[in-house]
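J.:
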Amino acid sequence: MSHSDSEINDAFKTRIRKQMLLEFKAKKRFQSSKEVKSLTLKLEPIYQEYRLVRAVNLNNTCEVKRLLDKGVSPNSTDNEMRSALHIAVSKGYSDIVHLLLQHGADPNKRDIIQNTPLHLAACIHNLPIISMLINAKANICCLDIHGRNPLQLVSSKLQILRKSWRDGSIEMVKLREELQQVVDLLLSFLIRGVEEKMERLNRNRVNVDELQLMKVSLDSQPAEQLDDQMCKLLDDIEKIQIK
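For the sequence shown, full-length UniProt numbering begins at 1 and goes up steadily by one.
Okay, structure coming up:
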């Protein structure tokens, strides 16, 4: 049974339409694939920053180092604009704070409520981290939520240490450790060259060499001299005023 020319033409047209539809779908899939790849490339840095923030949250120092060495921004933030440094400081992860600062994290970056990492370090009274931030040129004029600067916090801590030592509620080993942290912080203010931002008395100036000598000798000093050293440190703090 033979087919008419019109039937042949219709069958041919149908084949052409099917072929065109297949080619259109294939092209669309290819185009979609290209778009997905392009979008993936654009999102990759954001994903890596998320991984860094998560690693900081989990105190995963090795992963933080790997990502930083890979080139992930040390100023990566979460959805509240808290940088990786904000998070590490607030949790007291000093090793990660050190790593982030080494890789160029901004010590003066502000979160969504305008806190800097130094604000957070001051709030938890973490003197070693405060020292690290100051050495990294954090703005020492920043105040905590109670309006106190780092030096005022140190003075408060010294008063507490002195009281604890006098009433016997702190062990000597712990006291020596805390006093060394206090000296480190004072040295951070002075050695960094923040004298331009300070107004110090012309007489009885704080002596960097004396502070360094005090730090070295704290472990070997007789217990009865520790109270005198705390008194001297309080006196030194009084001689320093942050403008």
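Yeah, the Cβ is synthetic: ideal placement off N, Cα and C, and Gly gets one too.
(1) DSSP on Ser-94, reduced to helix/strand/coil?
(2) Return the Cβ separation of Leu-68 and Leu-99 in integer angstroms, given the expectation that the two are a contact with Cβ distance under 8 Å.
(3) For Ser-217, which of helix, strand or coil comes out of DSSP?
(4) If we count the other Cβ atoms within 10 Å of its Cβ and call it buried at 16 or more, is Glu-49 buried or exposed?
(5) Taking the CB atoms as reference points, tell me whether Pro-117 and Lys-137 lie closer together than 8 Å.
(6) What does the alpha-carbon distance come out to for the pair residue 253 and Ile-134?
(7) Looking at the strands, I want to know which residues DSSP matches up with Ser-83.
(8) Expressed to the nearest angstrom, what Euclidean distance is found between the alpha-carbon atoms of Ser-164 and Met-132?
(9) The alpha helix (DSSP H) with His-119 in it runs from where to where?
(10) For a quick check, are the C-beta atoms of Met-230 and Val-183 less than 8 Å apart?
(11) Taking Cβ positions, are Glu-80 and Asp-111 nearer each other than 8 Å?
(12) For Leu-211, which residues of its own chain have a beta-carbon under 8 Å away from its beta-carbon, when the five flanking residues on both sides are left out?
(13) Exposed or buried, what is Ala-84 when buried is set at 16 or more other beta-carbons lying within 10 Å of its beta-carbon?
(14) Gln-152 by DSSP, collapsed to three states: which one?
(15) Given this structure, state the Cα-to-Cα distance separating Val-173 from Ile-46, to the nearest angstrom.
T.: From the atom records:
(1) Position 94 of the sequence shown, counted from the first residue, corresponds to residue 94. Residue state, collapsed to three classes: helix.
(2) In the sequence shown, counting from the first residue as 1, residue 68 sits at position 68. In the sequence shown, counting from the first residue as 1, residue 99 sits at position 99. Rounded, the Cβ-Cβ distance is 6 Å, consistent with contact.
(3) Your numbering for residue 217 matches position 217 in the sequence shown. Three-state DSSP puts Ser-217 in a helix.
(4) Residue 49 sits at position 49 when you count from the first residue of the sequence shown. Glu-49 should be labelled buried.
(5) Taking the sequence shown and counting its residues from 1, one reaches residue 117 at position 117. Taking the sequence shown and counting its residues from 1, one reaches residue 137 at position 137. Against a cut-off of 8 Å, the Cβ pair of Lys-137 and Pro-117 comes out as no contact.
(6) Since the first residue shown for the chain is 1 and the last is 243, residue 253 is missing from the structure and cannot be characterised.
(7) As a working mapping, residue 83 is identified with position 83 in the sequence shown. Looking at the DSSP assignment, Ser-83 forms a beta bridge with Thr-77.
(8) As a first step, residue 164 must be located in the sequence shown, where it is residue number 164. As a first step, residue 132 must be located in the sequence shown, where it is residue number 132. So the two alpha carbons sit approximately 26 Å from each other.
(9) By 1-based counting over the sequence shown, the position of residue 119 is 119. Counting along the chain, the alpha helix (DSSP H) containing His-119 begins and ends at 117-123.
(10) Walking along the sequence shown from the start, residue 230 turns up at place 230. Walking along the sequence shown from the start, residue 183 turns up at place 183. In this structure, Met-230 sits away from Val-183, with a CB-CB distance that is not shorter than 8 Å.
(11) Translated into positions along the sequence shown, residue 80 becomes position 80. Translated into positions along the sequence shown, residue 111 becomes position 111. Yes. Within cutoff.
(12) The sequence position of residue 211 within the sequence shown is 211, counting from 1. For Leu-211, the CB contacts under 8 Å within the same chain, skipping 5 residues up- and downstream, are Val-183, Leu-186, Leu-187, Leu-190 and Asp-236 in chain order.
(13) Taking the first residue of the sequence shown as position 1, residue 84 is located at position 84. Buried is the label assigned to Ala-84, since at least 16 other Cβ atoms lie within 10 Å of its Cβ.
(14) Numbered from its first residue, the sequence shown carries residue 152 at position 152. Reduced to three states, the DSSP call for Gln-152 is helix.
(15) Within the sequence shown, numbered from 1, the residue matching residue 173 stands at position 173. Within the sequence shown, numbered from 1, the residue matching residue 46 stands at position 46. If I take the Cα positions, the gap works out to 46 Å.
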